[in-house]
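In the UniProt record's numbering, the protein residues as written are 1 to 438.
Below, the structure is given as C-alpha coordinates:
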(Lines of atoms letter the chains of each structure in order from A; the text may use other names.)
(Lines give C-alpha, C1' and ligand atoms only; values in the text may rest on other atoms or scores of the structure.)
Protein backbone atom coordinates (compact mmCIF):
# COMPACT_ATOMS: atom_id res chain seq x y z
CA UNK A 1 0.00 0.00 0.00
CA UNK A 2 1.29 3.44 -0.94
CA UNK A 3 2.90 5.18 2.03
CA UNK A 4 2.48 8.91 2.74
CA UNK A 5 4.68 10.74 5.23
CA UNK A 6 4.22 14.46 5.85
CA UNK A 7 6.73 16.91 7.32
CA UNK A 8 5.46 20.15 8.83
CA UNK A 9 7.94 22.96 9.47
CA UNK A 10 6.86 26.27 10.93
CA UNK A 11 8.37 29.12 8.93
CA UNK A 12 11.05 31.31 10.59
CA UNK A 13 9.45 30.20 13.83
CA UNK A 14 11.06 32.38 16.50
CA UNK A 15 10.69 35.55 14.41
CA UNK A 16 7.16 34.56 13.36
CA UNK A 17 6.07 34.22 16.99
CA UNK A 18 7.51 37.65 17.73
CA UNK A 19 5.57 39.08 14.80
CA UNK A 20 2.43 37.30 16.01
CA UNK A 21 2.61 38.64 19.57
CA UNK A 22 3.96 42.07 18.63
CA UNK A 23 1.78 43.16 15.71
CA UNK A 24 3.78 46.32 15.02
CA UNK A 25 6.63 44.11 13.77
CA UNK A 26 4.52 42.24 11.19
CA UNK A 27 5.86 42.64 7.68
CA UNK A 28 9.08 44.17 9.01
CA UNK A 29 12.55 42.59 9.33
CA UNK A 30 12.96 40.96 12.74
CA UNK A 31 16.09 39.42 14.26
CA UNK A 32 15.85 37.29 17.40
CA UNK A 33 18.98 36.65 19.42
CA UNK A 34 21.63 38.00 21.72
CA UNK A 35 21.74 41.78 21.98
CA UNK A 36 25.34 42.07 23.20
CA UNK A 37 28.42 42.63 21.03
CA UNK A 38 28.97 38.87 20.73
CA UNK A 39 25.32 37.92 20.32
CA UNK A 40 24.18 35.43 17.69
CA UNK A 41 21.02 35.34 15.58
CA UNK A 42 18.66 32.60 16.80
CA UNK A 43 15.98 33.44 14.24
CA UNK A 44 15.45 35.80 11.31
CA UNK A 45 12.18 36.72 9.64
CA UNK A 46 11.89 36.33 5.89
CA UNK A 47 11.93 40.12 5.59
CA UNK A 48 15.34 40.12 7.32
CA UNK A 49 16.58 37.24 5.17
CA UNK A 50 16.03 39.35 2.08
CA UNK A 51 18.89 41.51 3.34
CA UNK A 52 21.15 38.47 3.79
CA UNK A 53 20.66 38.04 7.55
CA UNK A 54 20.19 34.46 8.77
CA UNK A 55 20.22 32.22 11.82
CA UNK A 56 23.56 31.43 13.50
CA UNK A 57 25.12 34.61 12.07
CA UNK A 58 26.81 37.00 14.50
CA UNK A 59 24.21 39.61 15.44
CA UNK A 60 26.60 42.44 14.63
CA UNK A 61 26.97 41.19 11.06
CA UNK A 62 23.23 40.61 10.69
CA UNK A 63 22.53 44.19 11.82
CA UNK A 64 25.08 45.52 9.33
CA UNK A 65 23.37 43.62 6.55
CA UNK A 66 19.89 44.58 7.71
CA UNK A 67 19.98 48.11 9.20
CA UNK A 68 16.17 48.44 9.58
CA UNK A 69 15.88 45.20 11.59
CA UNK A 70 13.98 45.12 14.87
CA UNK A 71 16.22 43.17 17.26
CA UNK A 72 14.53 41.24 20.06
CA UNK A 73 15.81 38.88 22.77
CA UNK A 74 14.54 35.28 22.56
CA UNK A 75 11.52 34.33 24.64
CA UNK A 76 11.59 30.53 24.68
CA UNK A 77 8.60 30.15 27.00
CA UNK A 78 6.44 31.88 24.40
CA UNK A 79 7.84 29.77 21.57
CA UNK A 80 7.19 26.61 23.56
CA UNK A 81 3.60 27.64 24.23
CA UNK A 82 2.91 28.34 20.54
CA UNK A 83 4.64 25.11 19.55
CA UNK A 84 2.45 23.16 21.98
CA UNK A 85 -0.68 24.67 20.40
CA UNK A 86 0.45 23.74 16.89
CA UNK A 87 1.52 20.21 17.81
CA UNK A 88 -1.79 19.62 19.61
CA UNK A 89 -3.52 20.29 16.29
CA UNK A 90 -1.12 17.93 14.50
CA UNK A 91 -1.80 15.17 17.04
CA UNK A 92 -5.53 15.60 16.53
CA UNK A 93 -4.99 15.22 12.78
CA UNK A 94 -2.83 12.09 12.95
CA UNK A 95 -2.42 9.35 15.53
CA UNK A 96 1.10 8.70 14.20
CA UNK A 97 3.37 11.69 14.83
CA UNK A 98 7.01 12.39 15.63
CA UNK A 99 8.07 15.75 17.01
CA UNK A 100 11.54 16.58 15.70
CA UNK A 101 12.07 19.97 17.34
CA UNK A 102 10.15 22.92 18.69
CA UNK A 103 9.05 23.90 15.18
CA UNK A 104 8.82 20.71 13.11
CA UNK A 105 7.22 17.28 13.12
CA UNK A 106 6.60 14.24 10.94
CA UNK A 107 3.20 12.61 10.68
CA UNK A 108 1.91 9.53 8.90
CA UNK A 109 -1.90 9.61 9.05
CA UNK A 110 -3.25 6.05 8.86
CA UNK A 111 -6.22 7.30 6.84
CA UNK A 112 -3.86 8.38 4.03
CA UNK A 113 -2.39 4.91 3.50
CA UNK A 114 -2.88 4.15 -0.21
CA UNK A 115 -4.44 7.58 -0.87
CA UNK A 116 -4.17 9.44 -4.16
CA UNK A 117 -2.07 12.59 -4.39
CA UNK A 118 -5.11 14.87 -4.45
CA UNK A 119 -6.39 13.52 -1.13
CA UNK A 120 -3.01 14.16 0.50
CA UNK A 121 -3.01 17.70 -0.87
CA UNK A 122 -6.45 18.33 0.63
CA UNK A 123 -5.30 16.97 4.00
CA UNK A 124 -2.14 19.11 4.02
CA UNK A 125 -4.02 22.26 2.96
CA UNK A 126 -6.60 21.75 5.70
CA UNK A 127 -3.91 21.23 8.33
CA UNK A 128 -1.99 24.34 7.26
CA UNK A 129 -5.21 26.35 7.26
CA UNK A 130 -6.17 25.20 10.73
CA UNK A 131 -2.72 26.03 12.18
CA UNK A 132 -2.85 29.53 10.71
CA UNK A 133 -6.46 30.14 11.73
CA UNK A 134 -6.28 28.81 15.29
CA UNK A 135 -2.69 29.64 16.26
CA UNK A 136 -1.70 32.46 13.90
CA UNK A 137 1.61 31.16 12.50
CA UNK A 138 2.46 29.84 9.06
CA UNK A 139 3.59 26.26 8.41
CA UNK A 140 5.03 24.68 5.29
CA UNK A 141 4.23 21.04 4.60
CA UNK A 142 5.95 18.50 2.38
CA UNK A 143 4.69 14.99 1.65
CA UNK A 144 6.19 11.95 -0.02
CA UNK A 145 6.82 8.24 0.27
CA UNK A 146 9.26 8.57 3.21
CA UNK A 147 10.62 10.91 5.86
CA UNK A 148 13.58 12.16 3.84
CA UNK A 149 11.46 13.07 0.82
CA UNK A 150 8.83 14.73 3.03
CA UNK A 151 11.46 16.91 4.69
CA UNK A 152 13.04 17.83 1.35
CA UNK A 153 9.60 18.73 0.00
CA UNK A 154 8.74 20.99 2.95
CA UNK A 155 12.03 22.81 2.45
CA UNK A 156 11.25 23.36 -1.21
CA UNK A 157 7.75 24.57 -0.28
CA UNK A 158 9.01 27.36 1.98
CA UNK A 159 7.95 29.94 2.82
CA UNK A 160 4.30 29.26 3.67
CA UNK A 161 3.77 26.61 1.02
CA UNK A 162 2.94 22.98 0.36
CA UNK A 163 4.52 20.35 -1.89
CA UNK A 164 3.13 16.83 -2.26
CA UNK A 165 5.40 14.65 -4.39
CA UNK A 166 3.55 11.95 -6.36
CA UNK A 167 5.34 8.57 -6.62
CA UNK A 168 6.13 9.03 -10.30
CA UNK A 169 7.88 12.37 -9.61
CA UNK A 170 9.94 11.21 -6.63
CA UNK A 171 13.11 10.05 -8.42
CA UNK A 172 13.16 12.95 -10.93
CA UNK A 173 12.95 15.38 -8.00
CA UNK A 174 15.70 13.67 -6.01
CA UNK A 175 18.08 13.20 -8.93
CA UNK A 176 18.70 16.90 -9.50
CA UNK A 177 19.31 17.83 -5.88
CA UNK A 178 22.82 18.21 -4.39
CA UNK A 179 24.07 15.20 -2.43
CA UNK A 180 24.17 17.37 0.70
CA UNK A 181 20.35 17.27 0.65
CA UNK A 182 20.40 13.64 1.78
CA UNK A 183 20.29 12.64 5.42
CA UNK A 184 23.67 11.52 6.64
CA UNK A 185 25.68 13.55 4.13
CA UNK A 186 27.79 16.08 6.01
CA UNK A 187 30.83 18.04 4.84
CA UNK A 188 33.19 15.05 5.11
CA UNK A 189 30.98 12.71 3.04
CA UNK A 190 30.20 15.49 0.62
CA UNK A 191 33.92 16.12 0.12
CA UNK A 192 34.59 12.45 -0.60
CA UNK A 193 31.83 12.36 -3.20
CA UNK A 194 32.91 15.60 -4.84
CA UNK A 195 36.42 14.22 -5.21
CA UNK A 196 35.09 11.40 -7.41
CA UNK A 197 32.93 13.78 -9.44
CA UNK A 198 29.59 13.17 -7.71
CA UNK A 199 27.63 16.29 -6.84
CA UNK A 200 23.95 15.34 -7.26
CA UNK A 201 21.77 12.61 -5.78
CA UNK A 202 21.17 11.26 -9.28
CA UNK A 203 24.91 10.86 -9.88
CA UNK A 204 25.24 9.16 -6.51
CA UNK A 205 22.36 6.78 -7.26
CA UNK A 206 24.07 5.80 -10.53
CA UNK A 207 27.15 4.49 -8.67
CA UNK A 208 27.48 0.76 -8.11
CA UNK A 209 26.69 -0.24 -4.54
CA UNK A 210 30.10 -1.88 -4.12
CA UNK A 211 31.84 1.36 -5.07
CA UNK A 212 29.70 3.30 -2.60
CA UNK A 213 30.40 0.99 0.33
CA UNK A 214 34.12 0.91 -0.49
CA UNK A 215 34.17 4.72 -0.29
CA UNK A 216 31.80 5.35 2.62
CA UNK A 217 31.71 2.09 4.57
CA UNK A 218 29.26 -0.81 4.46
CA UNK A 219 26.44 0.44 6.70
CA UNK A 220 26.64 4.16 5.89
CA UNK A 221 27.14 3.65 2.16
CA UNK A 222 24.33 1.12 1.80
CA UNK A 223 21.88 3.34 3.70
CA UNK A 224 22.68 6.40 1.59
CA UNK A 225 22.43 4.37 -1.62
CA UNK A 226 18.90 3.27 -0.65
CA UNK A 227 17.88 6.83 0.13
CA UNK A 228 19.27 8.02 -3.22
CA UNK A 229 16.94 5.53 -4.92
CA UNK A 230 13.95 6.78 -2.93
CA UNK A 231 13.85 3.74 -0.64
CA UNK A 232 13.07 5.05 2.83
CA UNK A 233 11.46 2.88 5.49
CA UNK A 234 12.36 5.05 8.49
CA UNK A 235 9.43 4.86 10.89
CA UNK A 236 7.49 7.86 12.12
CA UNK A 237 7.52 7.38 15.89
CA UNK A 238 7.49 9.70 18.91
CA UNK A 239 10.96 10.20 20.32
CA UNK A 240 12.06 10.27 23.91
CA UNK A 241 13.25 13.76 24.84
CA UNK A 242 16.98 14.01 24.24
CA UNK A 243 19.16 14.45 27.32
CA UNK A 244 21.80 16.31 25.33
CA UNK A 245 22.49 17.91 21.95
CA UNK A 246 25.81 17.52 20.20
CA UNK A 247 27.80 17.94 17.01
CA UNK A 248 31.09 16.38 15.96
CA UNK A 249 33.29 15.98 12.91
CA UNK A 250 36.12 13.69 11.80
CA UNK A 251 38.94 15.35 9.86
CA UNK A 252 40.31 13.90 6.64
CA UNK A 253 43.79 14.90 7.83
CA UNK A 254 44.79 15.15 11.50
CA UNK A 255 44.76 18.71 12.85
CA UNK A 256 47.79 19.86 14.85
CA UNK A 257 47.47 23.65 14.63
CA UNK A 258 45.85 24.94 17.88
CA UNK A 259 44.31 27.93 16.08
CA UNK A 260 42.62 25.78 13.46
CA UNK A 261 41.47 23.37 16.17
CA UNK A 262 39.87 26.26 18.08
CA UNK A 263 38.09 27.34 14.88
CA UNK A 264 36.78 23.80 14.34
CA UNK A 265 35.59 23.58 17.94
CA UNK A 266 33.81 26.90 17.54
CA UNK A 267 32.07 25.52 14.44
CA UNK A 268 30.92 22.42 16.31
CA UNK A 269 29.76 24.60 19.20
CA UNK A 270 27.70 26.64 16.72
CA UNK A 271 26.20 23.49 15.17
CA UNK A 272 25.25 22.11 18.59
CA UNK A 273 23.82 25.51 19.54
CA UNK A 274 21.51 25.47 16.50
CA UNK A 275 20.10 22.16 17.71
CA UNK A 276 19.78 23.52 21.23
CA UNK A 277 17.91 26.60 19.99
CA UNK A 278 15.71 24.42 17.77
CA UNK A 279 14.71 22.35 20.82
CA UNK A 280 13.73 25.51 22.70
CA UNK A 281 15.94 24.63 25.64
CA UNK A 282 18.97 25.93 27.51
CA UNK A 283 22.04 24.00 28.70
CA UNK A 284 24.14 24.07 31.83
CA UNK A 285 27.01 21.68 31.00
CA UNK A 286 29.40 21.93 28.04
CA UNK A 287 31.49 18.89 27.07
CA UNK A 288 34.26 18.72 24.50
CA UNK A 289 35.35 15.34 23.09
CA UNK A 290 38.67 14.95 21.29
CA UNK A 291 40.12 11.84 19.63
CA UNK A 292 43.80 11.85 18.72
CA UNK A 293 45.69 9.97 16.00
CA UNK A 294 46.13 6.97 18.34
CA UNK A 295 42.31 6.76 18.74
CA UNK A 296 42.59 7.86 22.36
CA UNK A 297 39.44 9.77 23.34
CA UNK A 298 39.60 12.58 25.89
CA UNK A 299 36.56 14.41 27.27
CA UNK A 300 36.46 17.54 29.35
CA UNK A 301 33.33 19.19 30.77
CA UNK A 302 32.42 22.47 32.43
CA UNK A 303 29.20 23.17 34.32
CA UNK A 304 27.99 26.78 34.24
CA UNK A 305 26.32 28.53 37.20
CA UNK A 306 22.94 28.38 35.43
CA UNK A 307 21.39 27.01 32.24
CA UNK A 308 21.81 29.31 29.24
CA UNK A 309 21.09 29.41 25.52
CA UNK A 310 23.66 32.17 24.92
CA UNK A 311 25.90 30.96 22.09
CA UNK A 312 28.78 33.22 23.15
CA UNK A 313 28.86 31.78 26.68
CA UNK A 314 28.59 28.17 25.48
CA UNK A 315 31.15 28.65 22.72
CA UNK A 316 33.64 30.30 25.09
CA UNK A 317 33.36 27.30 27.42
CA UNK A 318 34.02 24.90 24.53
CA UNK A 319 37.14 26.81 23.50
CA UNK A 320 38.44 26.82 27.07
CA UNK A 321 37.91 23.07 27.34
CA UNK A 322 39.72 22.15 24.14
CA UNK A 323 42.68 24.22 25.29
CA UNK A 324 42.78 22.13 28.48
CA UNK A 325 42.20 18.78 26.78
CA UNK A 326 44.72 19.03 23.94
CA UNK A 327 48.43 19.78 24.47
CA UNK A 328 49.87 21.93 21.64
CA UNK A 329 50.96 19.85 18.65
CA UNK A 330 48.72 16.85 19.39
CA UNK A 331 47.37 15.33 16.13
CA UNK A 332 43.57 15.43 16.42
CA UNK A 333 41.35 13.34 14.14
CA UNK A 334 37.91 14.03 15.71
CA UNK A 335 36.38 16.79 17.77
CA UNK A 336 32.89 17.14 19.19
CA UNK A 337 30.90 19.51 21.40
CA UNK A 338 27.83 18.57 23.41
CA UNK A 339 25.45 20.46 25.69
CA UNK A 340 23.65 18.71 28.54
CA UNK A 341 21.88 19.58 31.77
CA UNK A 342 19.05 20.77 29.52
CA UNK A 343 16.25 22.94 30.84
CA UNK A 344 13.16 24.49 29.32
CA UNK A 345 13.94 27.87 30.83
CA UNK A 346 17.02 29.83 31.67
CA UNK A 347 18.03 32.18 34.44
CA UNK A 348 20.13 35.24 33.90
CA UNK A 349 23.41 34.73 35.80
CA UNK A 350 23.78 36.91 38.86
CA UNK A 351 27.44 37.43 38.05
CA UNK A 352 29.30 37.46 34.78
CA UNK A 353 31.33 34.40 33.91
CA UNK A 354 35.05 35.20 34.32
CA UNK A 355 35.63 34.75 30.58
CA UNK A 356 32.90 37.26 29.77
CA UNK A 357 34.24 40.09 31.91
CA UNK A 358 35.51 43.14 30.11
CA UNK A 359 38.04 45.79 31.01
CA UNK A 360 35.17 47.72 32.58
CA UNK A 361 35.55 45.43 35.60
CA UNK A 362 38.81 47.18 36.42
CA UNK A 363 37.32 50.67 36.24
CA UNK A 364 37.06 52.68 39.47
CA UNK A 365 33.71 52.19 41.21
CA UNK A 366 31.16 54.92 40.66
CA UNK A 367 30.07 57.06 43.59
CA UNK A 368 27.32 55.48 45.63
CA UNK A 369 23.94 57.07 44.83
CA UNK A 370 21.88 58.66 47.56
CA UNK A 371 19.84 55.94 49.23
CA UNK A 372 16.56 57.80 48.70
CA UNK A 373 17.23 58.77 45.08
CA UNK A 374 14.96 56.96 42.55
CA UNK A 375 16.93 54.59 40.32
CA UNK A 376 15.90 54.12 36.67
CA UNK A 377 14.80 50.61 35.79
CA UNK A 378 17.27 48.74 33.53
CA UNK A 379 14.74 48.25 30.74
CA UNK A 380 15.98 46.75 27.49
CA UNK A 381 14.39 46.51 24.06
CA UNK A 382 12.04 43.56 23.88
CA UNK A 383 11.21 43.34 27.59
CA UNK A 384 7.58 42.48 28.43
CA UNK A 385 5.94 45.06 30.66
CA UNK A 386 2.55 45.72 32.21
CA UNK A 387 0.71 48.94 33.05
CA UNK A 388 -2.54 49.08 35.07
CA UNK A 389 -4.20 51.39 32.54
CA UNK A 390 -2.67 50.42 29.20
CA UNK A 391 -2.27 46.67 29.72
CA UNK A 392 0.47 44.45 28.31
CA UNK A 393 3.26 45.86 26.17
CA UNK A 394 6.88 45.55 25.16
CA UNK A 395 9.82 47.90 25.30
CA UNK A 396 10.67 49.46 21.94
CA UNK A 397 13.53 51.54 23.26
CA UNK A 398 15.07 52.86 26.44
CA UNK A 399 17.74 55.34 27.48
CA UNK A 400 18.42 58.68 29.13
CA UNK A 401 15.97 57.87 31.90
CA UNK A 402 13.06 57.23 29.51
CA UNK A 403 11.42 54.09 28.15
CA UNK A 404 9.06 53.74 25.18
CA UNK A 405 6.51 50.94 25.38
CA UNK A 406 4.26 49.60 22.62
CA UNK A 407 1.05 48.27 24.19
CA UNK A 408 -0.19 45.32 22.13
CA UNK A 409 -0.61 41.55 22.11
CA UNK A 410 -1.37 38.85 19.55
CA UNK A 411 -5.09 39.66 19.69
CA UNK A 412 -5.10 43.47 19.81
CA UNK A 413 -3.66 44.45 16.46
CA UNK A 414 -1.11 47.25 16.21
CA UNK A 415 -0.93 49.07 19.53
CA UNK A 416 -0.15 52.54 20.76
CA UNK A 417 3.39 53.55 21.82
CA UNK A 418 3.81 55.62 24.95
CA UNK A 419 6.92 57.02 26.66
CA UNK A 420 7.44 56.97 30.42
CA UNK A 421 10.11 57.80 32.93
CA UNK A 422 12.26 54.70 33.37
CA UNK A 423 11.46 54.65 37.09
CA UNK A 424 7.68 55.03 36.65
CA UNK A 425 6.25 52.85 39.46
CA UNK A 426 3.25 51.87 37.32
CA UNK A 427 5.48 50.04 34.83
CA UNK A 428 6.25 46.50 35.98
CA UNK A 429 7.81 43.36 34.55
CA UNK A 430 5.22 41.14 32.86
CA UNK A 431 4.91 37.44 32.06
CA UNK A 432 5.93 37.03 28.37
CA UNK A 433 3.07 34.54 27.92
CA UNK A 434 0.64 37.44 28.39
CA UNK A 435 1.71 38.66 24.94
CA UNK A 436 -0.34 35.79 23.47
CA UNK A 437 -3.46 37.64 24.67
CA UNK A 438 -4.96 34.66 26.47
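The beta carbon of each residue, even a glycine, is placed where N, CA and C say it ideally should be.
Fair warning: this is a prediction, and the values are worked out from it, not measured in the lab.
Item to complete: Excluding the 5 residues preceding and the 5 following residue 325 in the sequence, name in chain order all residues of the same chain whose CB lies nearer than 8 Å to its CB.
Response: 288, 290, 298, 299 and 300
Worksheet item: Can you give the Cα-Cα distance for residue 200 and residue 180, rounded to whole angstroms?
Response: 8 Å
Fill in: Distance, residue 410 Cα to residue 193 Cα
When rounded, the distance between both Cα atoms is 48 Å.
Practice prompt. Pull up the distance between the alpha-carbon of residue 227 and that of residue 147, whole angstroms please.
Written response: 10 Å
Worksheet item: Three-state secondary structure (DSSP) at residue 7?
Response: strand
Discussion item. Applying the 10 Å Cβ sphere with the 16-neighbour rule, what's the burial state of residue 419?
Written reply: Under this definition residue 419 is an exposed residue.
Practice prompt. Drop a sphere of 10 angstroms on the beta-carbon of residue 4, count the other beta-carbons inside from all chains shown, and report buried for 16 or more, exposed for fewer.
Written response: buried
Item to complete: Excluding the 5 residues preceding and the 5 following residue 265 in the sequence, name in chain order all residues of the same chain whose CB lies nearer than 7 Å to its CB.
Response: 288, 318, 319, 322, 335 and 337
Fill in: For residue 258, three-class secondary structure by DSSP
helix
Item to complete: Please name the residue in 8, 55 and 35 whose C-alpha comes closest to that of residue 15.
Response: 55
Discussion item. I want to know whether the region 64-71 touches the region 35-55 - three or more CB-CB distances under 8 Å.
Written reply: Contact annotation: the region 64-71 touches the region 35-55, with at least three C-beta pairs closer than 8 Å.
Fill in: CB contact flag (residue 244, residue 340, <8 Å)
yes
Practice prompt. Specify the secondary structure class of residue 365 as computed by DSSP and reduced to three states.
Written response: Low confidence applies here, because residue 365 scores a pLDDT of 40, under 50, leaving its location unreliable; read the following figure in that light. Here residue 365 sits in coil by DSSP.
Worksheet entry | Supposed contact pair residue 24 and residue 408 - C-beta distance, whole angstroms, cut 8 Å | That belief holds up - the Cβ atoms of residue 408 and residue 24 are roughly 6 Å apart, short of 8 Å.
Worksheet item: Using the beta-carbon count (16 or more within 10 Å), is residue 432 buried or exposed?
Response: buried
Worksheet item: Mind checking residue 218: buried by the 16 CB within 10 Å criterion, or exposed?
Response: exposed
Worksheet item: Nearest-angstrom Cα distance between residue 13 and residue 157?
Response: Cα-Cα distance, rounded: 15 Å.
Worksheet item: For residue 33, which residues of its own chain have a beta-carbon under 6 Å away from its beta-carbon, when the five flanking residues on both sides are left out?
Response: So the list reads 39, 40, 41, 42 and 59, once near-sequence residues are dropped.
Discussion item. Within a Cβ cutoff of 7 Å, which residues of the same chain sit near residue 426, ignoring the five residues on either side of it in sequence?
Written reply: 387 and 388
Worksheet item: Should residue 188 go down as buried or exposed, given a rule of 16 or more other Cβ atoms within 10 Å for buried?
Response: exposed
Practice prompt. Check residue 51 in the structure and name its three-state DSSP category.
Written response: coil
Worksheet item: Could you give the uninterrupted runs of the beta strand (DSSP E) lying entirely in the region 161-246, keeping only those of 3 residues or more?
Response: 162-164
Worksheet item: Terminal residues of the continuous alpha helix (DSSP H) containing residue 144?
Response: Premise fails: residue 144 lies in the beta strand (DSSP E), 139-144, not in any alpha helix (DSSP H).
Item to complete: Ignoring anything shorter than 4 residues or poking outside the region 29-92, list the alpha helix (DSSP H) runs there in chain order.
Response: 46-49 and 59-65
Fill in: C-beta contact flag for residue 143 and residue 232 at 8 Å
no
Worksheet item: Since residue 421 contacts residue 385 with CB under 8 Å, what's their CB separation in whole angstroms?
Response: Between residue 385 and residue 421 the Cβ distance is about 13 Å, and since that is not below 8 Å, they are no contact.
Worksheet item: Relative to the C-alpha of residue 93, which residue among 6, 76 and 278 is closest?
Response: 6
Worksheet item: Which value, in whole angstroms, describes the spacing of the CA atoms of residue 353 and residue 285?
Response: At residue 353 the pLDDT is 38, less than 50, meaning the model places this residue with poor confidence and gives no usable figure here.
Worksheet item: In chain order, what residues of the same chain have a beta carbon less than 8 Å from the beta carbon of residue 222, not counting five sequence neighbours either side?
Response: 209, 212 and 213
Discussion item. On a Cα-Cα basis, can you pick out the residue from 171, 273, 329 and 88 that is closest to residue 257?
Written reply: 329
Worksheet item: Which one of 97, 399 and 396 has the shortest CA to CA distance from residue 234?
Response: 97
Worksheet item: Quick one, are the C-beta atoms of residue 150 and residue 106 less than 8 Å apart?
Response: Taking C-beta atoms as the reference points, residue 150 and residue 106 count as a pair closer than 8 Å.
Worksheet entry | Own chain residues within Cβ distance below 7 Å of residue 416, not counting five before or after | Residues 407 of the same chain have their beta carbon placed closer than 7 Å to that of residue 416, with the five preceding and five following residues left out of the count.
Item to complete: Evaluate residue 76 with the Cβ neighbour count: other Cβ atoms within 10 Å of its Cβ, from every protein chain shown; 16 or more gives buried, anything less gives exposed.
Response: buried
Discussion item. For a test of the three-state rule: what should DSSP assign to residue 97, helix, strand or coil?
Written reply: strand
Fill in: Best match in 87, 36, 111 and 88 for proximity to residue 74 [C-alpha to C-alpha]
The shortest C-alpha separation from residue 74 is found at 36.
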